[in-house]
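In this note's numbering, the protein residues as written are 955 to 1147.
Right, dumping it as structure tokens:
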């Protein structure tokens, strides 16, 4: 409604969890009118100083990368709003940040997706809280997300290992970045950024 009223819109992620809503947005932007308002989804990981630094390194390469990202998400009870219609579940509601980061790093379109969930032998954990998603990109890059509620809070929530051109970037919870093979790119902050 805001777009149709000519207003620019910043939407909290995800853009939508309903196919009908997505089709309505696509229809709105389908015509060639270049005076349409802007629509932006509020993904945040790609704007982190750490991600921007990694992006700068990747922009100097023409080679594909391999990225393994772990999200030690922690347990959330089954009746929590995150799992309901308003939250869309943890894949659409939180892992979407990481898919956006993968896309930003690759600067390429997704060519293939595969996903597999663990089906715990207990009703305590949900299968959709524990999955591995792999995205392949047209530029040859491959990114893998391990998303789990099975872990322990004593281990940082997010970590990533990125491999390309004889270099490795090790990201630890958006508090530190160690880059091996490229001098001057490692960094550390006192708080998560």
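Virtual Cβ for every residue (Gly too), placed ideally from N, Cα, C.
Test item: CB-CB of residue i and residue j under 8 Å
i            : j            : result
residue 1045 : residue 1082 : yes
residue 994  : residue 1053 : no
Residues near residue i in its chain [Cβ-Cβ closer than 6 Å; skip 5 each side]
i            : result
residue 991  : 957, 960, 961 and 962
residue 1058 : 1000
residue 1112 : 1025 and 1127
residue 1068 : 1088
residue 1029 : 1103
residue 1017 : 1118 and 1119
Sequence-distant residues of its chain with Cβ nearer than 7 Å to residue i (five each side left out)
i            : result
residue 1104 : 1079 and 1084
residue 981  : none
Limits of the unbroken alpha helix (DSSP H) element including residue i
i            : result
residue 1076 : It is not in any alpha helix (DSSP H) - residue 1076 carries neither H nor E in the DSSP assignment.
residue 980  : 973-984
residue 1005 : 1003-1013
Run of the beta strand (DSSP E) containing residue i, from where it starts to where it stops
i            : result
residue 1101 : 1096-1102
residue 1090 : 1085-1091
residue 1024 : 1020-1026
residue 1071 : 1064-1071
residue 1123 : 1121-1126
residue 1130 : 1130-1134
Any C-beta of chain C under 8 Å from that of residue i
i           : result
residue 997 : In the structure shown, chain C does not exist; there is a single protein chain.
Are the stretch 1094-1104 and the stretch 1018-1026 touching, with three or more C-beta to C-beta distances below 8 Å?
yes
Does the stretch 1001-1013 come into contact with the stretch 1114-1124, if we say contact requires no fewer than three beta-carbon pairs (one atom in each stretch) closer than 8 Å?
yes
Taking one C-beta from the stretch 962-973 and one from the stretch 1032-1052 each time, how about it: are there three or more such pairs within less than 8 Å?
Yes: at least three Cβ pairs fall under 8 Å.
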